[in-house]
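One structure is given below, encoded as structure tokens.
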Amino acid sequence: MSAELTVYNHHQKPLASWSQAMTDGELKSVTLELSEAKAGHHMLVSRIKDRDGNLQDQQTLDFMLVEPQTPPTPGDYDFVFPNGLKEYVAGTKVLASDGAIYQCKPWPYSGYCQQWTSNATQYQPGTGSHWEMAWDKR
């Protein structure tokens, strides 16, 4: 039998491929270098064929390539959330779990910036259900 892997972009243009004869139960580690690595939707299609070249199985895995982001420097924020939680006041900038920086809103909303526990995350910057009441994304 043989295994074939092909990566396609959203427009179904093949960007990389690999194929090799294999035995049942054999594992291979494969690296595919894309000819055009651009942000957006892509698909990895795996095909298993028998000795005669007949398709036995095919699976498609959808994935997204994203643009690399430059992480913020420590001088761009005051705390990594939730460190220093009790010191958060209007204007405090935090680095959130999504990698973005958020600034605590002015009074009367700044009190929400300190309202967080591992069981009450509604004001967690960027991910809480009500984060926009307390924070502005920078």
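When the count follows our numbering, it moves up by one through the sequence shown with no breaks and lands on 217 for the last residue.
Ideal placement from N, C-alpha and C gives every residue a C-beta, glycine not left out.
Computed from a prediction, not measured in an experiment: that's the story for all the values here.
Here residue 171 is buried: its Cβ has 16 or more other Cβ atoms, across all protein chains shown, within 10 Å. Where residue 93 is concerned, the enclosing beta strand (DSSP E) starts and stops at 93-100. In the three-state reduction of the DSSP assignment, residue 136 falls in the strand class, which pools E and B. Residue 123 is positioned such that its CB atom lies no closer than 7 Å to that of residue 95. Between the region 98-109 and the region 131-148 there are fewer than three C-beta pairs closer than 8 Å, too few to call the two in contact. The C-beta of residue 89 has fewer than 16 other C-beta atoms within 10 Å across all chains shown, which makes the residue exposed. Counting along the chain, the unbroken beta strand (DSSP E) around residue 85 starts and ends at 81-88. The three-state reading of DSSP puts residue 114 in coil, since its state is none of H, G, I, E or B. With a cutoff of 7 Å on beta-carbon distance, residue 169 and residue 205 are scored as not near each other.
The shortest C-alpha to C-alpha distance from residue 142 to any of 117, 82, 185, 184 is the one to 117.
The residues 88, 89, 143, 144, in chain order, have a CB closer than 8 Å to that of residue 119 in the same chain once the five nearest residues on each side in sequence are set aside.
For residue 214, the enclosing beta strand (DSSP E) covers residues 214-216.
Around the beta-carbon of residue 121, 16 or more other beta-carbon atoms lie within 10 Å, marking it buried.
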